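A.B. asks: Note that my numbering has the first sequence beginning at 962, numbered continuously upward.
By construction, the Cβ of each residue, glycine as well, lies at the ideal position given by its N, Cα and C atoms.
None of the values given here were measured: they were computed from a predicted structure.
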Amino acid sequence: MIQIKDFKDNIGIEIVVHGWTANRRSSKRLEFIVLRDGSGFAQCIVDANNVDERTYKNAKLTNQETSVKITGTVVKDDKQIGGYELHVSDLEIIGTSNNYPVTNKKHGVEFLIDKRHLWLRSKRQWAIMRVRNKLIYSIHNFFQKEGFVQADAPVFTGNACEGTSTLFASEFYGETAYLTQSGQLYGEAMALALGKIYTFGPTFRAEKSKTRRHLSEFWMIEPEMAFYNNDMNMDLIEKFIKYVLKDINENCKYEFEILRRDTGSFEKIINTKFPRLTYDNAVKILKGELEINGKTTIETLEQDLEDVKRGIVERKKEIAEREKIIAGGVKRGKRNFLQNKINNFKNEIKDLEIKAKNIPSWIKSANEFEYGNDFGGSDETVITRMFDVPVMVYNWPHKIKAFYMKRDNDAPELAKGVDVLAPEGYGEIVGGGERETNLELLIEKIKGHNLPMSDFEWYLDLRRYGSVPHAGFGLGLERLIAWICKLSHIRETIPFPRMYKRLFP
RNA sequence: UCCUCCUUAGCUCAGUUGGUUAGAGCACCUGACUGUUAAUCAGGGUGUCCUAGGUUCAAGUCCUAGAGGAGGAGCCA
C-alpha cells in the first residue's frame, strides 16, 4: 500500500492510496479532493472526462472526512503543499461522513476540546503530534547515545513526598496509593545501580490550576547521573536541549511550515552558550539593577509597552480602512476576505491589549520582588525577555527548594539547584540539581518538612550504602513541545489532555 | 481557594440608551464556472437567546442566585 509520503518515489506511476477527504472544491468537470492519509496531505483531481461515471459521482458525494480508496497517477506539481498531486482514475467510498463538526473554519476552545477525538485529524494537530513523536524519538536517541539506561519509576507510590494536596489518591489492595508526581527518588536509586539512567513516563498532579501551562497528567523525562555535580548537570542539560532542537529543526520543516513556526531562533540557540545566572544575579536583572547588553529589564519593558501601544493604533487604522471599503459596497467574496482580515486584526489587538495591561504589572512585580522568594510566572517572562536563548538559573535559596537538594558547603543558605527558563515567555521547562548526600542534613530536612520518616527509610539507605555525589533533572515534555511549536496553550501538545475538570473525551 | 471575563442558529460571532417578526458568515443542499488552494458566484432555514427568580407596559439587553467555560494568581514541569 502506498502512502502519500511515498509519492515522491512514484512519479508517473498509477498507485492506490487510502485516506480521508480533508476538503473538496469543485468546478464544472473537475473535483479537487484534498486527501489525508496520516502520512501527509495531497490534492487529488477527478476529471469527469477521464473517469467513469461511477467514480465522478463518488467524488461528488465525498464530504469532509469521508474515507476513500483512490487509484491514480502521481504527478509532480510544485504549487502543491508537499509538491505532488494525484490524477484520479478510480474512487471508491469506504465510509461516509455527513455534517462533520470540526470544519476548516474557526472554532472555540470548548468546542474543539469536546471534539478532541476528531480535532486530532486536523492539519495543525497532525503537525503537533508529529513533532511530539519526533521529539520523543530524539530524546531517546540522545540519552542512549550518551550511555544512559532507560529505567522507569513506578506510577503507584506510597510516598506522599510533597504534600497530599497535589496527589491523586487511588486504592491499592486496601491501602491508599498515590499516582506519582515525580520519579526522582526512584531515579536516584536506579542511578546508583546503573550509573546514568533516565525515566520517561506519565506524571500526575492534582493542582487545581487553570492556566495555559498546566496539565493534570503529563509526561516527564527525568535523567539521574551518579558522580555528577551540578556544573556537569548544567552541561548535560545544555547539550541535551541543543541536540533535540537541532534534530527537530532538521526533521520537522514541513510541520513547522504548517504551524507557521518561525524557526529562525533555533539556529541561534543551537550555536550559543546558554547564559548561566546565579539566583542572586537573576534577581538583580529582574529588579533592573544589572544591565544586559546595556539595558535594564525595566527600560526594555517600557520600550515594549510603547511598541505595543503603537501596534494597537496601527491595527485600528488598518481596520478602519477596510471597514470603509466594505461600507462602500463590494462583492461577497471580497467582503469576506476583508472581514477576515479585520477579525484577525481585532484578535491581534485583543492580544496586544492584554500585553499592554500586563507589562505595567510585570514591572511592578519585578520592582517589588523580594530576595529569597521563588520567581512567579511574570518574573520568568521578564528575565527571559532579556535573552534569545534558554537561561539557566542556579544556586537557589535552599528554603524554597525540595528537601533532597544539595546545600552549598561554602554558602549554607544556598542549594545547588538549577531551573532552565525557555525563551519567548514559555517559563520553566527544566528543574533539577545536585542531590543532598549528607544523611544528617537529609533527616533534618525531612523532619522540617513534616514528612513521615518511615516512608523515606529506603531513600536514606541510598546514603548509608555507598553514597556518591549525584545530580539530575526533570523535563516536562509538553512544555518543551509548547515552546518548540510556539503554541498558546499546552492542551494541544498531548492527544487527550487531562486538565482540571476535564476527563473526557 | 481567590480575581477578571464569557455563555445568542450545527460552528464562529454581531445585536446600539430596554422597544415591532433576533441578524451575518461558515457548514449543509441546488445550480453556474476547465486548475481550485478556507476557490468563487446565485439561491435555499435554522433559535429552550445557559438555568431559575426578579424589576418593567415591555428583557437577548437591567438586578440576584446557580451551572458551565476561558484566562490569571497561588502551586508547578
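Which residues does DSSP pair with Glu1309 in a beta bridge?
C.D. replies: DSSP, once it has assigned bridges, lists no residue as partnering Glu1309.
A.B. asks: Kindly indicate which three-state DSSP category Asn1254 falls into: helix, strand or coil?
C.D. replies: It is coil, neither helix nor strand.
A.B. asks: If you draw a straight line from the alpha carbon of Asn1411 to that of Pro1358, how long is it in whole angstroms?
C.D. replies: Looking at the two C-alpha atoms, the distance is approximately 19 Å.
A.B. asks: Compare the Cα-Cα distances from Glu1014 to each of Leu1052, Ile1042, Val1429 and report the closest residue.
C.D. replies: The option with the nearest alpha carbon to Glu1014 is Leu1052.
A.B. asks: Alpha carbon to alpha carbon, what distance is there between Leu1262 and Phe1348?
C.D. replies: Those two C-alpha atoms are separated by around 13 Å.
A.B. asks: Taking the straight line between their C-alpha atoms, what separation do you get for Gly917 and Ile1320?
C.D. replies: Limits of the chain in this structure are 962 at one end and 1466 at the other, which puts residue 917 out of reach.
A.B. asks: Which residues share a DSSP beta bridge with Val977?
C.D. replies: The partner list for Val977 (beta bridge, DSSP) reads Thr1032.
A.B. asks: Buried or exposed: where does Val1391 fall if 16 or more other Cβ atoms within 10 Å of its Cβ makes it buried?
C.D. replies: Per the 10 Å Cβ criterion, buried.
A.B. asks: Relative to the C-alpha of Ala1150, which candidate in Leu1140, His1431, Glu1439, Leu1441 has its C-alpha closest?
C.D. replies: Of the candidates Leu1140, His1431, Glu1439, Leu1441, the one whose C-alpha sits nearest the C-alpha of Ala1150 is His1431.
A.B. asks: When the Cα of Glu1026 is compared with those of Thr1016, Lys1084, Ile974, Val1007, which residue comes out closest?
C.D. replies: Comparing Cα-Cα distances from Glu1026 to each of Thr1016, Lys1084, Ile974, Val1007, the minimum goes to Lys1084.
A.B. asks: So, helix, strand or coil for Ser1322, using DSSP?
C.D. replies: It is helical.
A.B. asks: May I ask which residues mark the beginning and end of the alpha helix (DSSP H) holding Phe1179?
C.D. replies: It is not in any alpha helix (DSSP H) - Phe1179 instead sits in the beta strand (DSSP E) that spans 1178-1187.
A.B. asks: To the nearest angstrom, report how far apart Phe1465 and Arg1452 are at their CA atoms.
C.D. replies: One C-alpha to the other measures close to 13 Å.
A.B. asks: Tell me the start and end of each unbroken beta strand (DSSP E) in the stretch 997-1022 that is at least 3 residues and wholly inside, in chain order.
C.D. replies: Counting whole runs of 3 or more residues, the stretch 997-1022 contains the beta strand (DSSP E) stretches 1002-1008.
A.B. asks: For Ser1143, count neighbouring C-beta atoms within 10 Å of its own C-beta (all shown protein chains included) and say buried if the count is 16 or more, exposed if not.
C.D. replies: Ser1143 should be labelled buried.
A.B. asks: Is Ser987 close to the ligand FMN? I mean its beta-carbon at under 6 Å from any heavy atom of the ligand.
C.D. replies: The ligand FMN is not part of the structure shown, which contains no ligands of any sort.
A.B. asks: Mind checking who Pro1163 pairs with in its DSSP beta bridge?
C.D. replies: Paired residue(s): Trp1180.
A.B. asks: Using alpha carbons as the reference points, say which of Leu1313, Tyr1332, Pro1236 lies closest to Lys1248.
C.D. replies: For Lys1248, the nearest C-alpha among the options comes from Tyr1332.
A.B. asks: Measuring alpha carbon to alpha carbon, tell me which residue in Lys1307, Ile1253, Ser1170 is nearest Lys1277.
C.D. replies: Nearest of Lys1307, Ile1253, Ser1170 to Lys1277, Cα basis: Lys1307.
A.B. asks: Do the stretch 1035-1045 and the stretch 1016-1026 make contact, defined as three or more Cβ pairs closer than 8 Å?
C.D. replies: The answer is no - the stretch 1016-1026 does not touch the stretch 1035-1045, with fewer than three Cβ pairs under 8 Å.
A.B. asks: Hey, Val978 and Ile994 are a contact pair by Cβ (cut 8 Å); roughly how many whole angstroms apart?
C.D. replies: Contact doesn't hold; Cβ gap of about 11 Å is too wide.
A.B. asks: For Tyr1134, count the other beta carbons within 10 Å of its own beta carbon; 16 or more makes it buried, fewer makes it exposed. Which is it?
C.D. replies: Burial call: exposed.
A.B. asks: Can you tell which of Lys989, Gly1001, Arg997 has the C-alpha that lies nearest to the C-alpha of Val1007?
C.D. replies: Comparing Cα positions, the closest option is Lys989.
A.B. asks: Can you tell me the Cβ-Cβ gap for Leu1448 and Ile1182, rounded? I've got them flagged as a contact below 8 Å.
C.D. replies: The Cβ separation is near 19 Å, so there is no contact.
A.B. asks: Which residue marks the beginning of the alpha helix (DSSP H) containing Ala1154, and which one marks its end?
C.D. replies: Per DSSP, Ala1154 belongs to the alpha helix (DSSP H) from 1145-1155.
A.B. asks: My understanding is that Lys969 touches Tyr1045, with C-beta atoms under 8 Å, so please give their C-beta distance in whole angstroms.
C.D. replies: So it is a contact: roughly 7 Å between Cβ atoms.
A.B. asks: Below 7 Å between beta carbons: does that hold for Gly1394 and Gly1409?
C.D. replies: Contact: no.
A.B. asks: Please state the DSSP three-state secondary structure of Asn984.
C.D. replies: Asn984 falls in the strand class under three-state DSSP.
A.B. asks: Can you tell me which of the three DSSP states Phe1348 falls into?
C.D. replies: In this structure, Phe1348 counts as coil in the three-state DSSP scheme.
A.B. asks: Can you give me the start and stop residues for the alpha helix (DSSP H) that Val1429 sits inside?
C.D. replies: That residue, Val1429, is in no alpha helix (DSSP H); it is neither H nor E in DSSP.
A.B. asks: Assuming Leu1176 and Ile1455 form a contact by the criterion Cβ under 8 Å, report the distance between their Cβ atoms to the nearest whole angstrom.
C.D. replies: Confirmed, Cβ separation roughly 7 Å.
A.B. asks: Within a Cβ cutoff of 6 Å, which residues of the same chain sit near Ser1339, ignoring the five residues on either side of it in sequence?
C.D. replies: For Ser1339, where only same-chain residues beyond five positions count, the Cβ hits under 6 Å are Trp1323, Ser1326.
A.B. asks: Taking Gly1427 as the reference, give the member of Val1063, Val1110, Arg1166, Leu1153 with the closest Cα.
C.D. replies: Per the Cα distances, Leu1153.
A.B. asks: Mind checking who Thr1137 pairs with in its DSSP beta bridge?
C.D. replies: Paired residue(s): Glu1132.
A.B. asks: Grouping DSSP H, G and I as helix and E and B as strand, with all else coil, what is Asp1051?
C.D. replies: Here Asp1051 sits in strand by DSSP.
A.B. asks: Entirely within the stretch 1390-1449 and at least 3 residues each: give me those beta strand (DSSP E) ranges in chain order.
C.D. replies: The stretch 1390-1449 contains these whole beta strand (DSSP E) runs: 1431-1437.
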